[in-house]
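Just so you know, the protein sequences line up as chains A and B, in that order.
The first sequence maps to residues 1 to 347 in UniProt numbering.
The second sequence maps to residues 1 to 347 in UniProt numbering.
C-beta atoms are modelled at their ideal positions from N, C-alpha and C, and glycine is treated no differently.
One structure below.
Protein chains: 2
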Amino acid sequence: MTKVTIRHVAEEAGVAVKTVSRVVNGEPNVTRDLRDRVERAVEKLGYVPSMAARRMGGSRSYMLVALNDRRNTINNWQSGRGNDWIDQMLHGAMLMCESHGYRMLFELVDAASQDLDRRVVAILSALQPDGLILTPPHSQNEALVQMLLRRNVPVVRMGVPGHGLGVGVHMDDRAAAFEATCHLIDLGHRRIGFIAGSERFAASEARRRGYLDALAQGGLARDESLEAPGDFTFESGLEAASTLLSRDTPPTAILASNDEMALAVLHAAPRFGKTVPGDLSVISFDDTPGIRLSVPALTSIRQPISEMASRAAELLIAASRDGPVEAKDHILPFGLIVRGSTAPPAA
Amino acid sequence: MTKVTIRHVAEEAGVAVKTVSRVVNGEPNVTRDLRDRVERAVEKLGYVPSMAARRMGGSRSYMLVALNDRRNTINNWQSGRGNDWIDQMLHGAMLMCESHGYRMLFELVDAASQDLDRRVVAILSALQPDGLILTPPHSQNEALVQMLLRRNVPVVRMGVPGHGLGVGVHMDDRAAAFEATCHLIDLGHRRIGFIAGSERFAASEARRRGYLDALAQGGLARDESLEAPGDFTFESGLEAASTLLSRDTPPTAILASNDEMALAVLHAAPRFGKTVPGDLSVISFDDTPGIRLSVPALTSIRQPISEMASRAAELLIAASRDGPVEAKDHILPFGLIVRGSTAPPAA
Numbered sequence: 001m002t003k004v005t006i007r008h009v010a011e012e013a014g015v016a017v018k019t020v021s022r023v024v025n026g027e028p029n030v031t032r033d034l035r036d037r038v039e040r041a042v043e044k045l046g047y048v049p050s051m052a053a054r055r056m057g058g059s060r061s062y063m064l065v066a067l068n069d070r071r072n073t074i075n076n077w078q079s080g081r082g083n084d085w086i087d088q089m090l091h092g093a094m095l096m097c098e099s100h101g102y103r104m105l106f107e108l109v110d111a112a113s114q115d116l117d118r119r120v121v122a123i124l125s126a127l128q129p130d131g132l133i134l135t136p137p138h139s140q141n142e143a144l145v146q147m148l149l150r151r152n153v154p155v156v157r158m159g160v161p162g163h164g165l166g167v168g169v170h171m172d173d174r175a176a177a178f179e180a181t182c183h184l185i186d187l188g189h190r191r192i193g194f195i196a197g198s199e200r201f202a203a204s205e206a207r208r209r210g211y212l213d214a215l216a217q218g219g220l221a222r223d224e225s226l227e228a229p230g231d232f233t234f235e236s237g238l239e240a241a242s243t244l245l246s247r248d249t250p251p252t253a254i255l256a257s258n259d260e261m262a263l264a265v266l267h268a269a270p271r272f273g274k275t276v277p278g279d280l281s282v283i284s285f286d287d288t289p290g291i292r293l294s295v296p297a298l299t300s301i302r303q304p305i306s307e308m309a310s311r312a313a314e315l316l317i318a319a320s321r322d323g324p325v326e327a328k329d330h331i332l333p334f335g336l337i338v339r340g341s342t343a344p345p346a347a
Numbered sequence: 001m002t003k004v005t006i007r008h009v010a011e012e013a014g015v016a017v018k019t020v021s022r023v024v025n026g027e028p029n030v031t032r033d034l035r036d037r038v039e040r041a042v043e044k045l046g047y048v049p050s051m052a053a054r055r056m057g058g059s060r061s062y063m064l065v066a067l068n069d070r071r072n073t074i075n076n077w078q079s080g081r082g083n084d085w086i087d088q089m090l091h092g093a094m095l096m097c098e099s100h101g102y103r104m105l106f107e108l109v110d111a112a113s114q115d116l117d118r119r120v121v122a123i124l125s126a127l128q129p130d131g132l133i134l135t136p137p138h139s140q141n142e143a144l145v146q147m148l149l150r151r152n153v154p155v156v157r158m159g160v161p162g163h164g165l166g167v168g169v170h171m172d173d174r175a176a177a178f179e180a181t182c183h184l185i186d187l188g189h190r191r192i193g194f195i196a197g198s199e200r201f202a203a204s205e206a207r208r209r210g211y212l213d214a215l216a217q218g219g220l221a222r223d224e225s226l227e228a229p230g231d232f233t234f235e236s237g238l239e240a241a242s243t244l245l246s247r248d249t250p251p252t253a254i255l256a257s258n259d260e261m262a263l264a265v266l267h268a269a270p271r272f273g274k275t276v277p278g279d280l281s282v283i284s285f286d287d288t289p290g291i292r293l294s295v296p297a298l299t300s301i302r303q304p305i306s307e308m309a310s311r312a313a314e315l316l317i318a319a320s321r322d323g324p325v326e327a328k329d330h331i332l333p334f335g336l337i338v339r340g341s342t343a344p345p346a347a
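Here it is as structure tokens:
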């Protein structure tokens, strides 16, 4: 490909290379006249700045990188249960990047890797992004966040509160679990089961606390036999549902900490002679497409993934222009979407 | 971040910069001894080659770019009906790239854009990828492919036959529609409806031909009143289903050219007093997660998206090392997954 370089543009416009760079990169403090001349030359020559050339013009790379857990992502792709976390992340972040002339990459790194820090540093060295979006469980890895902040890497932590360590963009998981549990209590349920998420994710503990908050406010005693562990997989949901539904006095409603485990409850219920929602109400977390198409469609907490990713990208792009991201949290609203899986308990 | 450069490594190892570059980029013709010295120096200094440094060492960028249609991709993300095309593409291509030390990006470009060529050239100029994966409908745009081949851009056309113009990695859509239609004929159906896909996609015409092939082989006369147009959207599927089910003698089975339109048939059927599969059999194309969770789960042609993307990436990576991609087609097997939406017609 014949390459039109920044030098050709500068020559055509009769300005310095540095001026072309400033115009192309949208930097301030270029006169209207110079800007016009450069833009005409760019147009005439069909000049497109390469990533390398844009970087030459300043310290920016015009690229953001999101770090996702390798195992979870591949599991989701392989299981084909409609988990669209990556899609919603891309939807939010890519379109925000696009609107600012940025590019968005995402990298899969195993959160349980022994040499996680080295891998992340390798990614930063190779790509030199203007900012890094950490997604769960990376976003809650405080050692990782501290390492990045020490290296002055602009970071946004998605899906978890920052707690003063960097910037968090998240929803209030505790409040969401509280609201979901209150919905069940309002329907008349008194024995409400809970399937916990993986301990690898901070949201799991927040959701458990919200569940307990609601029981306490509703005057219901905590019964630990109604709580079962899970790890966000369908299989763990099946096992947890079987444990809970085998109790002498089983729950009349179950709050599952994510969609796959809630779908598993739908599958397990008939084995215990239970229909949903007639004998058993089910609420899930995340609102992925799979549960909108299940039978019955599941009542669910909607996690604003696309909005969180969009905000994270916006903050990092602003920071690359205007200086460090302010270390404060951004809490985005969740939704409780009531569908066909919740009803009053059988009389 | 303090930066260890390729020069530090060369100095530490007592070799030329060019030698470090060859080792780091996995080029052949480096003696075992030199390779060991370089690798020890890399390890000791914690050197990570930047994309820019790797490129300096040769003409490769170690990056592939997939080009996707902007409108379709965003529609899929927004509709939340579980279309996981992007996921499966990433699953196949990212993991293949990863295993070869490559990075994978994808870009959204509106296939209907007036200045499509210019946009694509801009992406190539900015990213300078080692190869480009074209996905439908870009992959069937012959003018675009020709422009890329003229510029010596290594290209793989995904989801369509190459027909001698570049390399195609695809499944046999015509044979797949033939097999799906034969499945319905074997069940005893004689009035088989067909909902076509968008004319923007070459696969749509191939699927229609396969449907007609099967009718001819089954000795069934073509009845154009059993064919309805669609554009792959849920809404177009609803309209097509309504058209077909309003006929005086409606079909007892419908082959829809993708999953969203087949889901729409499930939604439309009850409005015409029809149950699936009792009164109406339905087969769809693509096998996205949504249709595995629908009621009933849909019999479907599985499109090997992940495998196609993986093969496309593999071909481009090999070409970046060994020279041009051989201009031949790679046809990957489809599957007919029989689920609960097909049955013999009511007596």
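8 Å Cβ shell around residue i - same chain, five flanking residues per side excluded
i	result
Arg174/B	Ala206, Arg207, Arg209, Gly210 and Asp213
Asn141/B	Ala111, Leu116 and Leu134
Distance between residue j and residue i (C-alpha atoms, nearest Å)
i	j	result
Leu45/A	Gly168/A	44 Å
Ile331/A	Ala203/A	14 Å
Pro345/A	Thr181/A	14 Å
Asn75/B	Ala268/A	34 Å
Arg7/B	Arg35/B	16 Å
Met1/B	Leu134/B	Caution applies to Met1/B, whose pLDDT of 41 falls short of 50 and renders its modelled position unreliable; the value that the coordinates give is listed next. Using only the alpha carbons, I get a separation of about 37 Å.
Ala196/B	Ser257/B	6 Å
Val153/B	Ala318/B	14 Å
Gly273/A	Ala309/A	42 Å
Lys328/A	Met171/A	14 Å
Leu238/B	Gly218/A	45 Å
Pro333/A	Ala221/B	57 Å
Gly57/A	Gln128/B	Reliability of the predicted coordinates at Gly57/A is poor, the pLDDT of 49 falling under 50, and no value is obtained from them.
Pro161/A	Ser139/A	9 Å
Glu307/B	Arg151/B	27 Å
Val155/B	Glu39/A	31 Å
Cβ-based neighbour list, residue i, same chain, cut-off 6 Å, excluding 5 preceding and 5 following
i	result
Phe201/B	Pro136 and Pro137
Phe232/B	Gly197, Ser198 and Asn258
Met94/A	Met104
Ala176/A	Ile301 and Phe334
Glu227/B	Phe194
Sequence-distant residues of the same chain with beta carbon closer than 7 Å to residue i, five excluded per side
i	result
His163/B	none
Ser113/B	Arg119
Nearest-angstrom Cβ-Cβ length linking residue i and residue j, presumed shorter than 8 Å
i	j	result
Leu148/B	Leu132/B	7 Å
Leu255/B	Ile192/B	6 Å
Arg81/B	Leu293/B	11 Å between Cβ atoms; not a contact.
Ala343/A	Leu187/A	7 Å
Ala253/A	Ser281/A	4 Å
Ile291/B	Ala297/B	7 Å
From the options, residue whose alpha carbon lies closest to that of residue i
i	options	result
Val24/A	Leu187/B, Asp84/B and Ala126/B	Ala126/B
Ala347/B	Val265/B, Pro277/B and Ala111/B	Pro277/B
Arg157/A	Val15/A, Val65/A, Pro296/A and Pro250/A	Val65/A
Asp110/B	Met96/B, Gln140/B, Pro129/B and Thr73/B	Thr73/B
Thr299/B	Leu280/B, Ser341/B and Thr275/B	Ser341/B
Gln303/B	Asp69/B, Gly92/B and Pro270/B	Gly92/B
Ser79/B	Val38/A, Thr288/A and Phe106/A	Thr288/A
Gly101/A	Arg339/A, Arg321/A, Gly335/A and Val325/A	Arg321/A
Leu266/A	Asp248/A, Ala241/A and Glu11/A	Ala241/A
Leu144/A	Phe106/A, Arg190/A, Leu67/A and Trp85/A	Leu67/A
Arg119/B	Val42/B, Asp69/B and Pro324/B	Asp69/B
Glu12/A	Arg22/A, Asn29/A, Glu43/A and Arg32/A	Glu43/A
Met96/A	Met63/A, Thr19/A and Gln114/A	Met63/A
Amino acids of chain B, ordered along the chain, whose beta-carbon sits closer than 8 Å to that of residue i
i	result
Asp84/A	Trp77, Gly80, Gly82, Asp84 and Asp87
Leu105/A	Arg103 and Leu105
Partner residues on chain A for residue i, Cβ-Cβ distance less than 8 Å
i	result
Val20/B	Chain A residues near Val20/B: none, gap ~15 Å exceeds 8 Å.
His91/B	Ile74, Trp77 and Gln78
Chain E contact residues for residue i, given Cβ-Cβ distances below 7 Å
i	result
Val120/A	The structure shown has no chain E; the protein chains it does contain are A and B.
Proximal residues of chain A, C-beta to C-beta of residue i below 7 Å
i	result
Arg247/B	Within chain A, no residue comes near Arg247/B; the closest Cβ sits about 28 Å away, beyond 7 Å.
Contacts that residue i makes with chain B (C-beta to C-beta distance below 9 Å)
i	result
Gly290/A	Gly82, Pro289, Gly290, Arg292 and Leu293
Leu165/A	The premise fails here: Leu165/A is roughly 20 Å from chain B at the closest Cβ pair, so nothing lies under 9 Å.
Leu298/A	Per Cβ cutoff of 9 Å: no residues; Leu298/A is ~11 Å from chain B at best.
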